[in-house]
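Here's the structure, in structure tokens; my notes come after.
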Amino acid sequence: MLRISSFLFQTFWVSLTLLALTSCSNQNTAVLYPLPSDDIASPVSSLSTDPELLLVETETEQCLTEELEILRRTGTWHPENDQLVFSAKEEETTYDFPIVINKQVEAYLDIFQNRQKKTFRRWLERSGKYLPMFQKELRDAGLPEDLAYLAMIESGFNQRAYSRAKAVGLWQFIKGTGKQYNLRIDQYVDERRHSEKSTRAAVSFLSDLYADFGDWHLAVAGYNAGPGKIRRGLKRYKADDFWSLAQHRYLQLETKRYVPKLIAAILIAKNPEQYGFTNIKYQKPLEYETLRVGPGFSLDAVALICNVDSKVIKKLNQELKTGKTPLNKGHYNVQIPPGTTELAKTNLPRLNSVVSTGYKTHVIRKGDSLSKICKRYNINKTTLLKVNNLRSNELLAGKHLRIPYSTTKYRLINKGEEQRIAANDLILHTINPGETLSKIARSYNVPVSLIVNWNGLKSVHKIRAGQQLALYIEGAGKTITITEKKDRAPKVTTAPDTLSAVITLAEQKKHSVTDNNPRPVVTQVSWYQVRQGDSLWAIARKFNLSTKQLKAWNKLKSNRIHPGIKLKVRNV
1 MLRISSFLFQ TFWVSLTLLA LTSCSNQNTA VLYPLPSDDI ASPVSSLSTD
51 PELLLVETET EQCLTEELEI LRRTGTWHPE NDQLVFSAKE EETTYDFPIV
101 INKQVEAYLD IFQNRQKKTF RRWLERSGKY LPMFQKELRD AGLPEDLAYL
151 AMIESGFNQR AYSRAKAVGL WQFIKGTGKQ YNLRIDQYVD ERRHSEKSTR
201 AAVSFLSDLY ADFGDWHLAV AGYNAGPGKI RRGLKRYKAD DFWSLAQHRY
251 LQLETKRYVP KLIAAILIAK NPEQYGFTNI KYQKPLEYET LRVGPGFSLD
301 AVALICNVDS KVIKKLNQEL KTGKTPLNKG HYNVQIPPGT TELAKTNLPR
351 LNSVVSTGYK THVIRKGDSL SKICKRYNIN KTTLLKVNNL RSNELLAGKH
401 LRIPYSTTKY RLINKGEEQR IAANDLILHT INPGETLSKI ARSYNVPVSL
451 IVNWNGLKSV HKIRAGQQLA LYIEGAGKTI TITEKKDRAP KVTTAPDTLS
501 AVITLAEQKK HSVTDNNPRP VVTQVSWYQV RQGDSLWAIA RKFNLSTKQL
551 KAWNKLKSNR IHPGIKLKVR NV
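The opening residue of the sequence shown carries number 1 in the working numbering; numbering runs sequentially from there.
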């Protein structure tokens, strides 16, 4: 390990350079890496529109241009450090990353202490959250612990950071490299945004780079530019170290800057008071427990059962791009605050989710068409026409359209409430041949994830024709759709869910009682929700029925049932 003390150096030339440039902020308030309150959300960063889950830009074009201009004016790149003056205090500091002091490092020290002081202070504050975990992973792998500060200059310790090169997360992986190091990246999950998994991937990548080059400066340059680029440059210029290679124009300045920038960050972060950073309010180290839940489980629902703010849960699960657990996996371990696991497990059976419909207004503009509006709001043309009582595709600029959208409410229900809630909210849908969950979801204007969650499905793809799905839609019990066939009693195709539901078919005069006091026919149907561990035989015995009756009433082809489905247990 290299031991080094503090140093004094002349920065007059750097100050002149800074004054000559147009600052991207005034009075030392430049922010290259925005705060959460100032995040620049990416329009293509996520399937969720939740600001807590959107990716944020790491660096503005103006600030990058100014930073690179400062480096251009430093002149030749070389490792000389013969002007160092050491102080007694910094002799106690130990570095395990090779420290070099030259004009480029000095330039970054000046930038961090002056031009970007507020930004660097935020980085220091965020470092408290991640450094313990980073350093442990690096230490366990036998790598320099100071490499933890690479995440500081890459992302500003922001899990949702993204760059123009489409690199994402704390360690700024591009998609190809992330997948190469076993990070899952798909429509539901981006593990580049997972703190621990991305860190393990970064440690593996850095280990491979050092094994390739045997030099940490070259390894860091390779982390940014790619090992192939560095390898070809060393061969072309017959160089054997980073600084010799950096003297040539082969590497882009944006790549070359990472080495001096990292060194400057390490020097300040390990001795903040020496560089004017006092009273730093470091964030608490990242801690969490895990809770196993099913597919399509909303982070808002997780927050409810844990009795914490939803922002807390979303910060712990930044990798979930849609704000829900993946639909193509049978289960997922969500991260929850320490000490909340038992409460969450207790509340989980009490969780009830219901979809209702809300409306927003669209003002028709010149050039609008039904197709454009439907695409913008992800609704079908028939629905838009019906909601607005339109009979043609003609639109008048300035007029208003009602745009329906689904909203999901989560609540914890108490014992005995199931019957009341079920009576108002459930629709039973029998899957037809060829139907998919997406098609069913569009028909009822509900998210696919909720259908998966309501019915305990193992995956969005695992459904079959004839299977019955429970859909909890607010007010469903108020509308009954009756279909009749010759010589058959009316069949309720949309019915309220209830453990003892009463369906009144008041308008079915054909089947009403014909006496002096006509009254509607009352059909009573009772349902039972299958729980974990239930069997068809046990349910039949509980309600004094035969398994044959249960199978006939519920159109079951076998004795196989699963938790979450509703079984008809009374048909009078």
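Built from N, CA and C at the ideal position, the CB exists for glycine as well. These figures come from a predicted structure and were not determined experimentally.
Reference A552, options P563, A538, G564, R570, closest by Cα: The residue given as residue 552 occupies position 552 in the sequence shown. It is R570.
Same chain only: Cβ atoms within 6 Å of D50, ignoring 5 sequence neighbours per side: For the purposes of this step, residue 50 is taken as residue 50 along the sequence shown, with counting starting at 1. Around D50: G323.
Where the alpha helix (DSSP H) through R257 begins and ends: Here residue 257 corresponds to residue number 257 of the sequence shown, with the count starting at 1. Neither: R257 is in no alpha helix (DSSP H) and is coded neither H nor E.
Cross-strand partners of D190 (DSSP beta bridge): Here residue 190 refers to the residue found at position 190 when the sequence shown is read from its first residue. Looking at the DSSP assignment, D190 forms a beta bridge with I185.
Cut-off 7 Å between Cβ atoms - residues of its own chain near N317, not counting five sequence neighbours on either side: Translated into the one-based positions of the sequence shown, residue 317 becomes position 317. These residues qualify, in order along the chain: L299, V334, Q335.
Residue burial classification, F543 (beta-carbon count within 10 angstroms, cutoff 16): Mapped onto the sequence shown, residue 543 falls at position 543. Burial call: exposed.
Supposed close pair D212, D241 - CB separation, criterion 8 Å: Walking along the sequence shown from the start, residue 212 turns up at place 212. Walking along the sequence shown from the start, residue 241 turns up at place 241. Contact flag wrong, Cβ pair sits at about 14 Å.
Contact belief for I280 with E125 at Cβ below 8 Å, rounded distance in angstroms: Translated into positions along the sequence shown, residue 280 becomes position 280. Translated into positions along the sequence shown, residue 125 becomes position 125. Indeed they touch by this definition, with Cβ atoms about 6 Å apart.
Through-space distance from M152 to W123, alpha-carbon basis: As a working mapping, residue 123 is identified with position 123 in the sequence shown. As a working mapping, residue 152 is identified with position 152 in the sequence shown. Each residue's Cα considered, the two are about 7 Å apart.
Residues that Y410 bridges to, as DSSP identifies them: For the purposes of this step, residue 410 is identified with residue 410 of the sequence shown, where counting begins at 1. By DSSP's assignment, Y410 forms a beta bridge with S353.
Backbone CA spacing between A167 and S204 [nearest angstrom]: As a working note, residue 167 is residue 167 in the sequence shown. As a working note, residue 204 is residue 204 in the sequence shown. Rounded to whole angstroms, the gap between the alpha carbons of A167 and S204 is 17 Å.
Continuous beta strand (DSSP E) stretch holding R391: start and end: Numbered from its first residue, the sequence shown carries residue 391 at position 391. No beta strand (DSSP E) contains R391, which DSSP labels as neither H nor E.
Beta-bridge pairing of F173 - partner residues as DSSP gives them: Taking the sequence shown and counting its residues from 1, the one referred to as residue 173 is at position 173. In the DSSP output, where bridge partners are listed per residue, F173 has V168.
Alpha-carbon to alpha-carbon, R184 and P98: As a first step, residue 98 is located in the sequence shown; it is residue number 98 there, counting from the start. As a first step, residue 184 is located in the sequence shown; it is residue number 184 there, counting from the start. The alpha-carbon atoms of P98 and R184 are separated by roughly 33 Å.
Contacting residues, own chain, Cβ-Cβ under 8 Å from E289 (five flanking each side not counted): Reading the sequence shown from its first residue, position 289 is the one you call residue 289. Excluding positions up to five away in sequence, the list reads Q335, I336, P337, P338, G339, T340, T341.
Minimum C-alpha distance to K366 - residue among I451, C63, A397: Reading the sequence shown from its first residue, position 366 is the one you call residue 366. If we check each option's Cα against that of K366, A397 comes out closest.
Cβ contact check for the stretch 441-457 and the stretch 550-566: 3 or more pairs under 8 Å: yes
Range of the contiguous beta strand (DSSP E) that encloses E289: To locate residue 289, count along the sequence shown from 1; it is residue 289. 289-293 is the span of the beta strand (DSSP E), which, as asked, contains E289.
C-alpha gap between A303 and S310, whole angstroms: Counting from one through the sequence shown, the residue named residue 303 turns up at place 303. Counting from one through the sequence shown, the residue named residue 310 turns up at place 310. So the alpha carbons of these two residues sit roughly 5 Å apart.
Test item: CB-CB of Y472 and V293 under 8 Å: The residue labelled residue 472 in the question sits at position 472 within the sequence shown. The residue labelled residue 293 in the question sits at position 293 within the sequence shown. Result no, Cβ atoms of Y472 and V293 do not sit closer than 8 Å.
Status (buried if at least 16 other CB within 10 Å, exposed otherwise) for R411: Locating residue 411 in the sequence shown gives position 411, counting from the first residue. Under the 10 Å beta carbon count, R411 is surrounded by fewer than 16 other beta carbons and is classified as exposed.
Beta-carbon spacing of R160, L55 below 8 Å: Taking the first residue of the sequence shown as position 1, residue 160 is located at position 160. Taking the first residue of the sequence shown as position 1, residue 55 is located at position 55. Contact: yes.
Y359, buried or exposed, once every other Cβ within 10 Å from all chains shown has been counted against 16: As a first step, residue 359 is located in the sequence shown; it is residue number 359 there, counting from the start. The residue in question, Y359, is exposed, as its Cβ has fewer than 16 Cβ neighbours within 10 Å.
Host beta strand (DSSP E) of A470 (start-end): Reading the sequence shown from its first residue, position 470 is the one you call residue 470. It spans 468-472 - the beta strand (DSSP E) in which A470 sits, taken as one unbroken run.
Straight-line Cα distance separating V448 from S438: Taking the sequence shown and counting its residues from 1, the one referred to as residue 438 is at position 438. Taking the sequence shown and counting its residues from 1, the one referred to as residue 448 is at position 448. Straight-line Cα distance between these residues: approximately 6 Å.
Opposing strand residues paired with Q335 [DSSP bridges]: The residue given as residue 335 occupies position 335 in the sequence shown. Beta-bridge pairing links Q335 to T290.
Chain-order list of residues whose beta-carbon lies under 7 Å from that of K261 (same chain, five-residue window excluded): Mapped onto the sequence shown, residue 261 falls at position 261. Y108, I153, listed in sequence order.
Cβ neighbours of A141 in the same chain (closer than 7 Å, five flanking residues each side left out): As a working mapping, residue 141 is identified with position 141 in the sequence shown. Result list for A141: V203, S207, in chain order.
Top-ranked residue by Cα proximity to K284, from N393, T93, Y130: Position 284 of the sequence shown, counted from the first residue, corresponds to residue 284. The residue from N393, T93, Y130 with its alpha-carbon nearest to that of K284 is Y130.
Which listed residue (N378, S392, A201) has its alpha carbon closest to that of A441: On the sequence shown, residue 441 is found 441 positions in, with the first residue counted as 1. The residue with the shortest Cα to Cα distance from A441 is N378.
Test item: CB-CB of L370 and L343 under 8 Å: Here residue 370 refers to the residue found at position 370 when the sequence shown is read from its first residue. Here residue 343 refers to the residue found at position 343 when the sequence shown is read from its first residue. In this structure, L343 does not lie closer than 8 Å to L370 by Cβ.
Chain-order list of residues whose beta-carbon lies under 8 Å from that of K399 (same chain, five-residue window excluded): In the sequence shown, residue 399 corresponds to position 399, counting from 1. Cβ within range, chain order: V363, I364.
E191 versus S198 - alpha carbon distance: If you number the sequence shown from 1, residue 191 lands on position 191. If you number the sequence shown from 1, residue 198 lands on position 198. Rounded to the nearest angstrom, the two C-alpha atoms are 6 Å apart.
Short Cβ contact (8 Å threshold) for A201 with F173: For the purposes of this step, residue 201 is taken as the residue at position 201 of the sequence shown. For the purposes of this step, residue 173 is taken as the residue at position 173 of the sequence shown. Yes. Within cutoff.
Status (buried if at least 16 other CB within 10 Å, exposed otherwise) for W537: In the sequence shown, residue 537 corresponds to position 537, counting from 1. Looking at its Cβ environment, which holds fewer than 16 other Cβ atoms inside 10 Å, W537 is exposed.
Expected contact under 8 Å - CB spacing of H429 and L401 to nearest Å: For the purposes of this step, residue 429 is taken as residue 429 along the sequence shown, with counting starting at 1. For the purposes of this step, residue 401 is taken as residue 401 along the sequence shown, with counting starting at 1. Distance from H429 to L401 at the Cβ level is roughly 29 Å; contact not present, criterion being Cβ atoms closer than 8 Å.
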